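Take 38 as the starting number for the first sequence in this note's numbering and just add one per residue.
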Amino acid sequence: MGRSPCCEKAHTNKGAWTKEEDERLIAYINANGEGCWRSLPKAASLLRCGKSCRLRWINYLRPDLKRGNFTDDEDDLIIKLHSHLGNKWSLIAARLPGRTDNEIKNYWNTHIKRKLIAQGIDPMTHRPLNDTQESSKMMSFYNKDEKSRILEFVKRDNSEELLSMWPKSSGSSAAKEWRCPDLNLELCIRPPPSQKWRRGSDGGGAAMKGEAMVGFCFEAGTDDQRFFTWL
DNA sequence: AAAATGCCCAACCGCCGGTCA
DNA sequence: TTGACCGGCGGTTGGGCATTT
């Protein structure tokens, strides 16, 4: 048996909301609070689907919404968060007070995507569009021995040493954007891959089995070997 | 001035996961 | 265990406005 529709479609309005509908919705939520979206339309005398009411409130009528253009800081934050989270608009919106997932999604599709493409960056992977060419160019900063040393430092989880090897020629844009094509460096949120890996090897701060651990995981490695550390 | 085209964004749609009886 | 219900999410659409031809 399939799911029943969320509302009786034949008796609901569609399309743009009128001022009167907005006022009814605001008045009802101010008096009764959010929630029970399914029963809200009837209770508020609105000929709208509950989902439509929820969307209208969350994306447009909520009093804590920030209006106006996105700032450069917000741009940067959205790009950074998207590079880590992908199209998880609700998660991204949770980090931008006063912005909605719908607003950020629209802004991404209409502005940021184009901005990144103009900069030669693939908006989905956040890597150069002509990746192969860029990679070979960037690798000129490191010879074979240096690449081996970097992998060793990653294996030993020695962040200080690893950072000290980062290119120092700050005037070079290529240096700023450096990444090693043989290394896959990415951030993700997930539990540790093994019990051994849970900061337990040195005896300090070990998490017990079954204990919840959530955090940012810095993952690095090659196709053959993977290495992790927590941030 | 009118038509064509492009852009923006509010709103809709379908799906999914959690909850509850 | 199952199915209905509900809230929430991401992808897509289409109407209105702005710009270009």
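Think of the CB as a built atom: it goes at the ideal place given N, C-alpha and C, for glycine as much as any other residue.
Computed from a prediction, not measured in an experiment: that's the story for all the values here.
Proximity winner among the options, relative to residue i (alpha-carbon distances)
i: T55; options: S89, I116, D159 and K125; result: S89
i: L62; options: G52, H148, W145 and R99; result: R99
i: M161; options: R136, G123 and A64; result: G123
i: D112; options: Y97, W145 and K125; result: W145
Local conformation of residue i per DSSP, three classes
i: S207; result: Low per-residue confidence applies at S207: pLDDT is 34, beneath 50, and the placement is therefore not dependable, though the value from the model is reported in the following sentence. S207 falls in the coil class under three-state DSSP.
i: P165; result: strand
Spatial distance of residue i from residue j (CA atoms)
i: L153; j: N69; result: 44 Å
i: I66; j: A155; result: 44 Å
i: S82; j: E140; result: 28 Å
i: F107; j: L92; result: 21 Å
i: T137; j: I95; result: 7 Å
i: G72; j: A80; result: 12 Å
i: S120; j: H163; result: 6 Å
i: D109; j: L166; result: 23 Å
i: D159; j: T147; result: 15 Å
Residue i CB to nearest heavy atom of the ligand PLP below 7 Å
i: T137; result: Absence of the ligand PLP from the depicted structure is noted, as is the absence of any ligand whatsoever, leaving it without description.
Spatial neighbours of residue i in its chain, beta-carbon cut-off 6 Å, leaving aside the 5 residues before and after
i: L84; result: T49 and N50
i: W126; result: D138, I141 and K142
i: L102; result: G135
Sequence-distant residues of its chain with Cβ nearer than 7 Å to residue i (five each side left out)
i: D59; result: L98
Proximal residues to residue i (C-beta, below 8 Å), its chain only, five neighbours per side dropped
i: K150; result: P160
> Is there contact here, the segment 80 to 89 with the segment 132 to 139, by at least three beta-carbon pairs under 8 Å?
Replying inline: Contact fails: fewer than three Cβ-Cβ distances are below 8 Å.
> Should the segment 70 to 79 be called in touch with the segment 113 to 132, which here means at least 3 C-beta pairs below 8 Å?
Replying inline: As far as the Cβ criterion goes, the segment 70 to 79 does not touch the segment 113 to 132, which means the pair count is below three.
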